[in-house]
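Structure first, then comments.
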Amino acid sequence: MMNAEVFNQQHILFDETSTTQEEAFQMIATFAYKLGFVNNVQTYFEGLKKREVEATTGFKDQLAIPHSKNSAVVKPGMFLLKFSHEIPWRSLDGQPIKVAFALAIPEEGATKHLKLLSLIARKLIDQKFREAILAESDPEKLDAMINQIDF
1 MMNAEVFNQQ HILFDETSTT QEEAFQMIAT FAYKLGFVNN VQTYFEGLKK
51 REVEATTGFK DQLAIPHSKN SAVVKPGMFL LKFSHEIPWR SLDGQPIKVA
101 FALAIPEEGA TKHLKLLSLI ARKLIDQKFR EAILAESDPE KLDAMINQID
151 F
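By UniProt numbering, the letter at position 22 of the sequence shown is numbered 22, and the numbering carries on one by one without gaps.
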């Protein structure tokens with residue numbers, strides 16, 4: 001079962017406006033701020049961009065796991081964003097992104113939350129899970145799927 005403080009149904013956002021990676025990161029940062037997980041939109045936004053420069057967070061089949069271990073993060077959180085537009089991303093398979101599992105990782109106790117990153121990455125290896133996440137638009141059903149991840 002997923003820890004409800006880290007992820008719950010309120011952490012799902014359907015983004016109908018972003019068309020670029022920059023806009024997607026801005027949306028993630030603003031959403032994380034609104035939910036009280038980061039105390040500075042700009043600092044967290046810059047952290048997401050910086051992390052992306054190190055190595056792509058684009059997985060395959062239009063999924064990405066953008067994240068930042070960042071001083072602006074007040075508590076660990078995960079957010080699911082489903083984009084209406086395909087977002088260009090330097091993904092491993094060259095595909096644009098339709099879904100992002102975004103993580104806000106505090107600098108303190110980061111090891112535990114980097115474990116969440118590997119749990120998600122492992123779950124994304126499961127083709128049925130990837131297809132279900134991409135196809136589903138009901139927040140309750142999405143929440144139930146993500147709740148299968150034990151963290």
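The beta carbon of each residue, even a glycine, is placed where N, CA and C say it ideally should be. Note that the coordinates shown come from a computational prediction; the quantities given were computed from them, not determined experimentally.
Ranked by how close their Cα comes to the Cα of E5, the residues L35, F14, F25 and S18 have L35 in first place. Listed in chain order, the beta strand (DSSP E) runs fully inside the region 73-140 are 77-87 and 97-106, counting runs of at least 3 residues.
In the DSSP annotation of this structure, the continuous segment of the beta strand (DSSP E) that includes F14 starts and ends at I12 to D15. S137 sits exposed, since fewer than 16 C-beta atoms from the chains shown fall within 10 Å of its C-beta.
Distance from the Cα of Q127 is smallest, within the candidate group D61, S118, P106 and L117, for D61. Just so you know, the alpha carbons of S91 and I97 end up roughly 8 Å apart.
Per DSSP, the continuous beta strand (DSSP E) segment holding K69 begins and ends at H67 to N70.
DSSP places V6 in the coil class of the three-state scheme, outside both helix and strand.
For G94 and F129, the gap between their C-alpha atoms comes out near 20 Å. Counting the other CB atoms within 10 Å of its CB gives E52 a total of 16 or more, which places it among the buried residues. Rounded to whole angstroms, P66 and N3 show a C-alpha spacing of 19 Å.
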